[in-house]
Amino acid sequence: AIVQTLRKMKLLGYLLTVMLLTNPTLASNLKILSTPDEGTHPEHCALTCSGVSSYNQKEYWKNHISGRAYKGIDYSGCGFVSSPVVTATLSGHWQNKCPAIFIEREYVTKSGFYVQTVEIMSAHDMVDSQCDVYWSAFGYNC
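For the sequence shown, the numbering used here begins at 606 and goes up steadily by one.
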């Protein structure tokens, strides 16, 4: 009886593996209603990609001529084929407050985007406050 049960469990494991490999919609159910370029793509190409751009990472905070700080975010590793929908927020060290940011819409591309502080804030202040950018992008990879 134990041997038969083990065989059935093994068979069930094989069936579940085959189902997940042959039907990717069982693993994910992402639906994108619109994108900045308003293009259409097959639903199975929908992709969520997210990450954190640290305050001291290779693309540092910089000073904008407006007196605000800005930072470029590179998500080229996501493999988007067009500009995705992007969200971003800041998080800093527990005793430091990071300002609100906005995404510069005209600079959202398939490989990255820029954020800029809403208030006057220097790049030095952003680094001192250890303001990291937490971002998510929703787009297509085919």
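Using N, Cα and C, we set each Cβ at its ideal position, and we do this for glycine too.
Being a predicted model, the structure only gives us computed values, none of them experimental.
Query	Result
When DSSP labels each residue in this structure, what does Y719 get in the three-state scheme?	strand
Might you give, ordered along the chain, the residues of its own chain that have their beta carbon closer than 6 Å to the beta carbon of D737, omitting 5 neighbours on each side?	V657, S659, Y660 and S696
Would the beta-carbon of S687 fall within 7 Å of that of D642?	yes
Suppose you measure from the CA of C654 to the CA of E648; what does that come to, to the nearest Å?	16 Å
Within 10 angstroms of the Cβ of C747, are there 16 or more other Cβ atoms? Answer buried if so, exposed if not.	exposed
Quick one: what does DSSP say A728 is sitting in, helix, strand or coil?	helix
What span of residues does the beta strand (DSSP E) with F743 cover, start to end?	D737 to Y745
Would you tell me roughly how many angstroms separate the C-alpha atoms of K748 and H669, rounded to the nearest one?	Residue 748 is absent from the model: the chain starts at 606 and stops at 747.
Short of 7 Å in beta carbon distance, which residues of its chain neighbour S727, apart from the five on each side in sequence? Order them along the chain.	N668 and A674
DSSP puts D679 in a beta bridge; with which residues?	G717
Taking only three categories from DSSP, how would you classify C650?	helix
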